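Have a look at the structure below before the remarks.
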Amino acid sequence: MKRAPTRLPFACILMMTVVMFGLSFLFAAPVSACSCAASPSIEDAKRDAAAVFAGKVTHVSRSWTKMTFSTADPVKVSFQVKRVWKGNVASNAKVVTALSSASCGYEFEPGKEYLVYAYHSDGKYMTHLCTRTAPLEDAAEDIQVLGKGRNVNSSYSALLFIAAVVIGINCMTTIRRKNRNEE
5 MKRAPTRLPF ACILMMTVVM FGLSFLFAAP VSACSCAASP SIEDAKRDAA
55 AVFAGKVTHV SRSWTKMTFS TADPVKVSFQ VKRVWKGNVA SNAKVVTALS
105 SASCGYEFEP GKEYLVYAYH SDGKYMTHLC TRTAPLEDAA EDIQVLGKGR
155 NVNSSYSALL FIAAVVIGIN CMTTIRRKNR NEE
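Take 5 as the starting number for the sequence shown in the working numbering and just add one per residue.
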């Protein structure tokens with residue numbers, strides 16, 4: 005009598021394939037499109053940045069002109085700047101980053117304060133996930149190393165003071181000359 009062919013080898017192969025496939029999900033490591041080298045030291049980050057400042061996010065805007073989008077699309081983030089450690093930063097600064105952390109963009113939240121390390125690119129301040137940019141509440145070590153910083157308007161205040169002194173001296177000189185001419 006002839007034996008019916010067994011399906012045991014096929015069933016074993018199928019079972020092994022399913023188990024291996026399942027195990028691959030169990031032990032899979034998370035993957036990210038953005039990969040940063042080790043975080044730079046605070047001193048190196050400051051040296052390499054065009055601007056270092058602390059400020060509150062007032063607005064996050066993205067261009068919605070396209071039907072499709074990419075995680076690398078630019079996002080403009082507006083800040084109300086409180087302190088500056090480097091750079092000529094206006095009281096209302098704008099920084100550009102990528103839309104998503106998958107493309108190394110820094111995902112800023114409106115209303116939250118940050119310490120921002122920005123660099124210049126195409127005439128704009130830009131930042132990304134691989135800088136030391138962080139929520140202000142998590143940046144105590146950076147702020148300790150960076151020092152006191154300056155108020156955003158301190159350099160302008162000094163210029164205004166100098167301008168006021170020069171104008172005052174000119175006014176006094178003009179008045180004295182006028183008084184001498186009248187005598």
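In this text, a Cβ means the ideal position worked out from N, Cα and C, and glycines have one as well. None of these values were measured; they are calculated from a predicted model.
- Collapsing the DSSP output to three states places G91 in coil.
- Collapsing the DSSP output to three states places T62 in a strand.
- Within the DSSP secondary-structure output, P139 pairs in a beta bridge with Y118.
- Bounds of the alpha helix (DSSP H) holding A144 are 144–150.
- The shortest CA-to-CA distance from W89 to any of G151, R180, A76, R184 is the one to G151.
- S125 sits in a strand when the DSSP states are folded into three classes.
- Per DSSP, the unbroken beta strand (DSSP E) holding A102 starts and ends at 96–102.
- Under the 10 Å beta carbon count, S65 is surrounded by fewer than 16 other beta carbons and is classified as exposed.
- S82 has H63, K98 as its beta-bridge partners, per DSSP.
- Within its own chain, the residues whose Cβ lies closer than 6 Å to the Cβ of S82, once the five positions on either side in sequence are excluded, are T62, H63, K98, listed in chain order.
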